[in-house]
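Numbers 4 to 79, taken from our numbering, label the letters of the sequence shown in order. Worksheet: the structure to be examined is printed underneath.
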Amino acid sequence: MQPDPVQNQTVLVNGGSNSEFLERYARAGRIGLSGGVTLVDKAICRAQRHLDEQAKWGSWSHAFLFEGQRRTGSSG
Numbered sequence: 004m005q006p007d008p009v010q011n012q013t014v015l016v017n018g019g020s021n022s023e024f025l026e027r028y029a030r031a032g033r034i035g036l037s038g039g040v041t042l043v044d045k046a047i048c049r050a051q052r053h054l055d056e057q058a059k060w061g062s063w064s065h066a067f068l069f070e071g072q073r074r075t076g077s078s079g
């Protein structure tokens, strides 16, 4: 599978495994934002309402920075 050329854009991904996602999109310097349906994800998004003037819940519960290929060969 060839990685998609992604530059300064939002890519919405549903389905697939974590390893498929990392293989396709993980590149050094990219920023990832994720949200979920678990209680923890919802609690984080709800808590973010205090940062918004209109008290809107946040869209993302987690952020991460990709650093590139690991010595083990996996992306991260």
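Ideal Cβ positions, reconstructed from N, Cα and C, are used throughout, including at glycine.
Check                                                                                          : Outcome
Could you check where the alpha helix (DSSP H) with L68 kicks off and where it finishes?       : It is not in any alpha helix (DSSP H) - L68 instead sits in the beta strand (DSSP E) that spans 65-68.
With a Cβ-Cβ cutoff of 8 Å, do S37 and W60 count as a contact?                                 : no
State the DSSP-derived secondary structure class of S22, mapped to helix, strand or coil.      : helix
Quick one: give me the first and last residue of the beta strand (DSSP E) that L54 is part of. : Per DSSP, L54 belongs to no beta strand (DSSP E) and is neither H nor E.
A29: buried (16+ other C-beta within 10 angstroms of its C-beta) or exposed?                   : buried
Looking at R52: is its Cβ nearer than 8 Å to the Cβ of A46?                                    : no
What is the DSSP secondary structure of G15, counted as helix, strand or coil?                 : Inspection of the sequence shows that residue 15 is occupied by Leu rather than by Gly. Coil at L15, not helix or strand.
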